[in-house]
Amino acid sequence: MYRVMLVDDDYPVIEYLQQAIPWQALNMEVIGGFSNGQKAYDYAVTNLPDILLTDIGMPVMNGLELINALTLRKKNLRSIILSCHDEFSFAMQAIRLNVVDYILKESLDPVSLIKLLERMKHSLDEEKTLKKQEVSKELITSLEDNPLLDEAAWADQTDQIGLDFKTYVYIPVLCVINRQQVAEKRYSSKKLLSFSMQNVIEEVVAKEKEQGIFHLSYNGKETVLLFQYRDLVKTNVYESLEGTLRTIYKAIKDYLKFSVTFIVGTNSENATSLKSNIKQLLKGKDHCFYRL
Numbered sequence: 001m002y003r004v005m006l007v008d009d010d011y012p013v014i015e016y017l018q019q020a021i022p023w024q025a026l027n028m029e030v031i032g033g034f035s036n037g038q039k040a041y042d043y044a045v046t047n048l049p050d051i052l053l054t055d056i057g058m059p060v061m062n063g064l065e066l067i068n069a070l071t072l073r074k075k076n077l078r079s080i081i082l083s084c085h086d087e088f089s090f091a092m093q094a095i096r097l098n099v100v101d102y103i104l105k106e107s108l109d110p111v112s113l114i115k116l117l118e119r120m121k122h123s124l125d126e127e128k129t130l131k132k133q134e135v136s137k138e139l140i141t142s143l144e145d146n147p148l149l150d151e152a153a154w155a156d157q158t159d160q161i162g163l164d165f166k167t168y169v170y171i172p173v174l175c176v177i178n179r180q181q182v183a184e185k186r187y188s189s190k191k192l193l194s195f196s197m198q199n200v201i202e203e204v205v206a207k208e209k210e211q212g213i214f215h216l217s218y219n220g221k222e223t224v225l226l227f228q229y230r231d232l233v234k235t236n237v238y239e240s241l242e243g244t245l246r247t248i249y250k251a252i253k254d255y256l257k258f259s260v261t262f263i264v265g266t267n268s269e270n271a272t273s274l275k276s277n278i279k280q281l282l283k284g285k286d287h288c289f290y291r292l
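The sequence shown begins at 1 in the UniProt record's numbering and counts up by one.
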């Protein structure tokens with residue numbers, strides 16, 4: 001859940017916001033309500049919010065000072081000002097601080113605020129997705145660029161993209177474009193070719209949410225998929241995996257007009273074994289080929 005902080009020296013406003021907004025339905029939780037910026041900042045030092053709703057005029061530390069102080073600690077902080085001040089100078093300061101919106105308390109209504117929070121959640125979701133894509137790409141390229149990458153650093157990267165080795169076992173699969181040069185002729189650049197393939201794979205992966213698949217973008221010719229399983233004994237793992245790979249293969253063949261080969265790795269029960277298995281896939285050793 002996204003963490004929300006409410007700050008206003010008029011406590012009834014905080015109570016109103018806590019009760020009028022369906023925070024849980026928005027995948028958000030209020031981590032605290034504070035009467036001035038200093039109290040909010042002191043708490044945020046160890047409990048940084050994702051979203052800040054704050055008044056401007058407060059004792060000790062005002063809302064604009066609070067936004068500035070927290071933004072120094074968290075650059076992607078989303079901020080909304082709720083204020084009685086309808087003044088150009090305050091609005092301009094808010095714009096310079098990249099405040100998402102500036103709402104007058106007199107015109108505040110739950111429906112409008114909910115819509116604003118929904119847009120904010122969508123923005124945060126997109127940012128999180130892009131971050132995961134960046135980390136996932138680094139995860140794979142680091143094996144080639146930095147083969148001696150510290151195990152703790154590797155484990156931290158797998159944690160960042162959401163892998164849960166306490167609950168699941170992962171099977172890595174390398175997807176390779178067949179006849180790369182022929183496929184490239186259909187597109188104006190390798191980048192467009194890679195982008196098109198990634199999009200098709202993402203569409204299939206999105207429809208297979210129950211299965212649990214992580215798509216790790218790699219390079220213009222290859223991509224890595226991680227298949228997630230809770231119970232290898234009760235689940236016919238490779239039958240399920242092959243069915244999904246056939247779906248991906250058909251989608252790429254139908255929409256992009258080229259074929260791919262899948263190279264299936266072995267079960268990975270922790271970050272270290274996953275690292276080893278992906279390295280083997282990339283080196284082309286001890287693989288099982290599915291030619292669909």
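Even glycine gets a Cβ: it sits at the ideal position worked out from N, Cα and C.
Within this structure, are the beta carbons of M1 and N36 separated by less than 8 Å? It is not a contact, given that the beta carbons lie outside the stated cut-off.
Inside the UniProt domain "Response regulatory" (3–120) only - beta strand (DSSP E) runs reaching at least 3 residues: DSSP runs (the beta strand (DSSP E)) wholly in the UniProt domain "Response regulatory" (3–120): 28–34, 51–54, 78–83 and 101–104.
Got a sec? Which residues, its chain only, sit under 6 Å from V173 by beta carbon, not counting five neighbours each side? These residues qualify, in order along the chain: L225, F262 and V264.
Do the CB positions of V169 and E15 come within less than 8 Å of each other? no
I'd like to know whether the C-beta atoms of P49 and V111 end up nearer to each other than 8 Å. no
Using the rule of at least 16 other Cβ atoms within 10 Å of the residue's Cβ for burial, across every protein chain shown, is F227 buried or exposed? Here F227 is buried, its C-beta having at least 16 other C-beta atoms within 10 Å.
Which residue from I177, K283, F214 and E202 puts its Cα closest to that of S259? I177
Using the C-alpha atoms, what's the distance from F214 back to S123? 21 Å
Reference A25; option with closest CA among D159, D9, A251 and K115: K115
Helix, strand or coil for E184 per DSSP? helix
Going by alpha carbons, who is nearest to F195 out of T244, I252 and A152? I252
Grouping DSSP H, G and I as helix and E and B as strand, with all else coil, what is F227? Three-state result, F227: strand.
From L104 to K74, what distance separates their C-alpha atoms? 25 Å
Given this structure, state the Cα-to-Cα distance separating A152 from N47, to the nearest angstrom. 24 Å
Determine the DSSP secondary structure at Y290, reduced to helix, strand or coil. Unreliable placement is indicated for Y290, whose pLDDT of 46 sits below 50; no coordinate value is reported for it.
Less than 8 Å between the C-beta atoms of D55 and V7, yes or no? yes
Identified DSSP bridge partners for I278: Per DSSP, none; premise fails for I278.
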